[in-house]
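Heads up, the sequence shown is in the numbering used here, so the first residue is 1 and it goes up one at a time.
Working notes, beginning with the structure itself.
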Amino acid sequence: GLGERLGERLVMGGEKRGVAALEGAEGVDAFGGGELWDEAYRATLAAGEWQTLAIRPSDEVAFSWGAGHHLPGEAGRQYHLPLLGQGKLSGECVRIPAPVVSMSGVHVIEVAAGTMHTLLLGACGRVWSCGIGKHGACGHGDTHGTMPCTEPVQVAGGDLKQARAVQVAAGDFHSLVLTSEGHVLSF
Numbered sequence: 001g002l003g004e005r006l007g008e009r010l011v012m013g014g015e016k017r018g019v020a021a022l023e024g025a026e027g028v029d030a031f032g033g034g035e036l037w038d039e040a041y042r043a044t045l046a047a048g049e050w051q052t053l054a055i056r057p058s059d060e061v062a063f064s065w066g067a068g069h070h071l072p073g074e075a076g077r078q079y080h081l082p083l084l085g086q087g088k089l090s091g092e093c094v095r096i097p098a099p100v101v102s103m104s105g106v107h108v109i110e111v112a113a114g115t116m117h118t119l120l121l122g123a124c125g126r127v128w129s130c131g132i133g134k135h136g137a138c139g140h141g142d143t144h145g146t147m148p149c150t151e152p153v154q155v156a157g158g159d160l161k162q163a164r165a166v167q168v169a170a171g172d173f174h175s176l177v178l179t180s181e182g183h184v185l186s187f
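Below is the structure:
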């Protein structure tokens, strides 16, 4: 794989799933190119099974890229499950970082990647999610994964209505939010 090559800076990981590119690859400059490994980036990267996320520090815009996913019963058919947040349900692998859609004006300060969902934390203390909400992982009330969110949707139910989020984490099929009051919320 690409990680075995010496002397080249990796921008992404896992070549087999289409989430790898080398620094200088076409389109990488729009993301920030050589600045990727500056201190500001170290806390703003997240890698899931199918997606990679990063935040460009200069304007706090979230970017995503990654591979498709085979849904059960759909052998050979690739889906960009909405976990990329790029408004797509299917298509080719996204090999070049692209901005997450529908987040215009939101300064994203943290990202988290689960197996089939993505979380984005805004500087305003609100949480957005996209992807497949199996077992409620997206926080939108879908527990069976039948209502995919192709673009980030604000998670505003339950205790998050009044809380200010300060950190997010994504597991395989669940999400965690740390609030400014020190409470941990799970969905």
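We put the CB at the ideal spot given by N, CA and C, even for glycine.
Close-in-space but distant-in-sequence residues of the same chain around residue i (CB under 6 Å, 5 per side omitted)
i, result
"phenylalanine 187", "Gly136, Gly139 and Ser175"
"alanine 123", "His107 and Ile109"
"valine 101", "Gln86, Gly87 and Glu151"
Backbone CA spacing between residue i and residue j [nearest angstrom]
i, j, result
"glycine 131", "leucine 89", "9 Å"
"cysteine 246", "valine 106", "Beyond the ends of the chain as shown, which are 1 and 187, falls residue 246; an answer cannot be given."
"glycine 182", "glutamine 162", "13 Å"
"glycine 87", "leucine 120", "15 Å"
"aspartate 159", "leucine 185", "8 Å"
"glycine 133", "methionine 147", "7 Å"
"histidine 144", "alanine 113", "19 Å"
"phenylalanine 63", "alanine 46", "10 Å"
"proline 99", "aspartate 142", "25 Å"
"aspartate 172", "threonine 115", "5 Å"
"serine 104", "threonine 44", "18 Å"
Under the three-state DSSP convention, the category residue i falls into
i, result
"histidine 140", "coil"
"glycine 145", "coil"
"leucine 119", "strand"
"proline 82", "helix"
"histidine 183", "coil"
"glycine 66", "strand"
"glycine 131", "strand"
"leucine 45", "strand"
"leucine 178", "strand"
"leucine 160", "helix"
"valine 100", "coil"
"proline 152", "strand"
"valine 106", "coil"
"serine 90", "strand"
Assigned exposure category for residue i - 16 Cβ within 10 Å defines buried
i, result
"alanine 170", "buried"
"alanine 156", "exposed"
"histidine 117", "buried"
Cutoff 8 Å: residue i Cβ touching any chain B Cβ
i, result
"proline 82", "The structure shown has no chain B; it contains just one protein chain."
Nearest-angstrom Cβ-Cβ length linking residue i and residue j, presumed shorter than 8 Å
i, j, result
"valine 108", "valine 177", "Between valine 177 and valine 108 the Cβ distance is about 15 Å, and since that is not below 8 Å, they are no contact."
"isoleucine 55", "valine 127", "Not quite, the Cβ-Cβ distance comes to about 15 Å (not below 8 Å), so this is no contact."
"valine 166", "serine 180", "5 Å"
Proximal residues to residue i (C-beta, below 8 Å), its chain only, five neighbours per side dropped
i, result
"glutamine 154", "Arg126, Val127 and Trp128"
Chain-order list of residues whose beta-carbon lies under 7 Å from that of residue i (same chain, five-residue window excluded)
i, result
"cysteine 164", "Correcting the residue type first, residue 164 is arginine in the shown sequence and not cysteine. Here the set comprises Gly125, Thr179 and Ser180."
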